[in-house]
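Protein chains in written order, with this note's numbering: chain A, 1 to 275; chain B, 1001 to 1169. Beta carbons: idealized from backbone N, C-alpha and C, even for Gly.
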């Protein structure tokens, strides 16, 4: 398995990345950590004419507070976010989700924004971004726009990013007081793609559950603070609405049952750790 | 802004196990093939070629990486360590390699180079790992011979010896 031929551009700053994208965006792919793009290149699932490397841009390698958000630049590796000292306090859901992303040996190279760009429906970082009402910052030579996570992901590995746009950062709202966050996942082996992944956000008045690995994109539901059979009925309805399909890894029925059981467990865990 | 043409071979300069080296690569050449075919460093093995098996794990600028998920052109200027760099001198094994031998932690040896590189990096960051830490960490590697138990035993033993005599790498 070897990639098809492509030209390689190592962007020296953001303006160069924008110029390269403006000139050949339709035929180009941006490479950062490469942990999902490289297998796709080797299997020839993608055959870009040009690869634009953005890992040498110090401006993109920053984790910073930006108002109520944490802004994570496009060259920040998953391992770097995991080691960020404020992670537990500012982004507890990411603290719980990141150990499920690939393996230590791939998190050391893979980036947070790369996972968002790839938009795998079973991936943990897009799911967390959606659950927290995060956003994606896209830029071109002409300017920036900010797209909410629930509008960014449009389906299986597809997003609203235009061909000439660079994902410059993701913005994730900081954790709120009196709110609990929890993440759970089920896969064949730790590090494999999730069969079902759940992220829950709970307050004393509301419950939110986001589910990955079932529909063609991460999907969420909001409910008031339900309990007992009202909650299990709501989870059952959600499990059916996700329209699970049979595949190599699990049947649709099995996935629905995981949404009911693990969804409930994740909500209960979020309620327990509510500050 | 340098644009490396798909059809040409380009000079890549980097540090391999402490030595400055250079060789030529097309943009699409994987780092695994570059190390093995252009530089003759065949200690890094090629397993699945899509980042799952861990056989090609090396160290790039101090962090573990799958060589098969890296392009040769990406490592221009980088500091690379491979399994060839583990032994302190010819004819003498590192503490970790010695522990693998003692515990029969390899049979065919195909996965071993990657596991050694992963553990060598891990012990420098975390000298006192629990067995659970190591089980989780070794989840990034596939071994079809040993059943992992001897690998785990060798890793625990090596970590202990390295804590007792840290300079004797």
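Interface residues of chain B facing residue i [CB-CB closer than 7 Å]
i             : result
residue 43(A) : 1050
Helix, strand or coil at residue i according to DSSP, with G and I counted as helix
i               : result
residue 144(A)  : strand
residue 224(A)  : strand
residue 1133(B) : helix
residue 1044(B) : coil
residue 1037(B) : helix
residue 1024(B) : strand
residue 1162(B) : helix
residue 1088(B) : coil
residue 1119(B) : helix
residue 184(A)  : strand
residue 1010(B) : strand
residue 77(A)   : strand
residue 65(A)   : strand
residue 32(A)   : coil
residue 87(A)   : helix
residue 14(A)   : helix
residue 204(A)  : coil
residue 152(A)  : helix
residue 8(A)    : strand
Chain B within 8 Å of residue i, Cβ atoms only
i              : result
residue 9(A)   : yes
residue 58(A)  : no
residue 140(A) : no
residue 105(A) : yes
residue 131(A) : no
residue 2(A)   : yes
residue 5(A)   : yes
residue 38(A)  : yes
residue 20(A)  : yes
residue 269(A) : no
Partner residues on chain A for residue i, Cβ-Cβ distance less than 8 Å
i               : result
residue 1129(B) : Those do not exist, as residue 1129(B) stays about 11 Å from chain A at its closest Cβ, beyond 8 Å.
residue 1083(B) : Chain A residues near residue 1083(B): none, gap ~14 Å exceeds 8 Å.
residue 1027(B) : 5, 6, 7, 8, 51
Interface residues of chain A facing residue i [CB-CB closer than 9 Å]
i               : result
residue 1150(B) : In chain order: nothing, as chain A lies at least about 20 Å away.
residue 1074(B) : 8, 10, 31, 34, 53, 55
Closer than 8 Å to chain A by CB, residue i
i               : result
residue 1034(B) : no
residue 1064(B) : yes
residue 1118(B) : yes
residue 1132(B) : no
residue 1112(B) : no
residue 1006(B) : yes
residue 1040(B) : no
residue 1014(B) : no
residue 1096(B) : no
residue 1030(B) : yes
Residue i: contacting residues in chain B (beta-carbon distance under 9 Å)
i              : result
residue 109(A) : 1060, 1063, 1064, 1065, 1066, 1069, 1070
For residue i, the nearest candidate out of the options (CA to CA)
i               : options                            : result
residue 241(A)  : 215(A), 247(A), 84(A), 116(A)      : 215(A)
residue 1011(B) : 1164(B), 1074(B), 1001(B)          : 1074(B)
residue 1134(B) : 1114(B), 1082(B), 1159(B)          : 1159(B)
residue 182(A)  : 117(A), 202(A), 164(A)             : 202(A)
residue 1161(B) : 1015(B), 1097(B), 1006(B), 1039(B) : 1097(B)
residue 220(A)  : 265(A), 255(A), 130(A)             : 130(A)
residue 49(A)   : 197(A), 74(A), 113(A), 20(A)       : 20(A)
residue 218(A)  : 168(A), 159(A), 206(A), 189(A)     : 159(A)
residue 1137(B) : 3(A), 107(A), 41(A), 274(A)        : 107(A)
residue 29(A)   : 77(A), 82(A), 64(A), 114(A)        : 114(A)
residue 238(A)  : 251(A), 92(A), 212(A), 272(A)      : 212(A)
residue 1110(B) : 1024(B), 1145(B), 1104(B)          : 1145(B)
residue 1015(B) : 1007(B), 1035(B), 1006(B), 1026(B) : 1035(B)
residue 1043(B) : 1084(B), 1059(B), 1094(B)          : 1084(B)
residue 1047(B) : 1113(B), 1103(B), 1025(B), 1106(B) : 1113(B)
residue 1055(B) : 1116(B), 1101(B), 1151(B), 1076(B) : 1116(B)
residue 1057(B) : 1050(B), 1049(B), 1067(B), 1063(B) : 1067(B)
residue 1020(B) : 1071(B), 1142(B), 1004(B), 1081(B) : 1081(B)
residue 157(A)  : 272(A), 46(A), 269(A), 91(A)       : 46(A)
residue 1029(B) : 1121(B), 1001(B), 1070(B)          : 1070(B)
residue 266(A)  : 121(A), 246(A), 186(A)             : 186(A)
residue 116(A)  : 171(A), 209(A), 99(A), 57(A)       : 171(A)
residue 58(A)   : 136(A), 174(A), 76(A)              : 76(A)
Neighbour list for residue i in chain B, Cβ cutoff strictly below 8 Å
i             : result
residue 16(A) : 1001
Within chain A, partners of residue i - CB distance below 7 Å
i               : result
residue 1057(B) : 105
residue 1054(B) : 105
Q: Report the residues of the segment 189-211 of chain A with a CB closer than 8 Å to any CB of chain B, ordered along the chain.
A: 189, 190, 191
Q. Which residues, taken in chain order from the segment 1134-1145 of chain B, show a beta carbon closer than 7 Å to some beta carbon of chain A?
A. 1136, 1137, 1139, 1140
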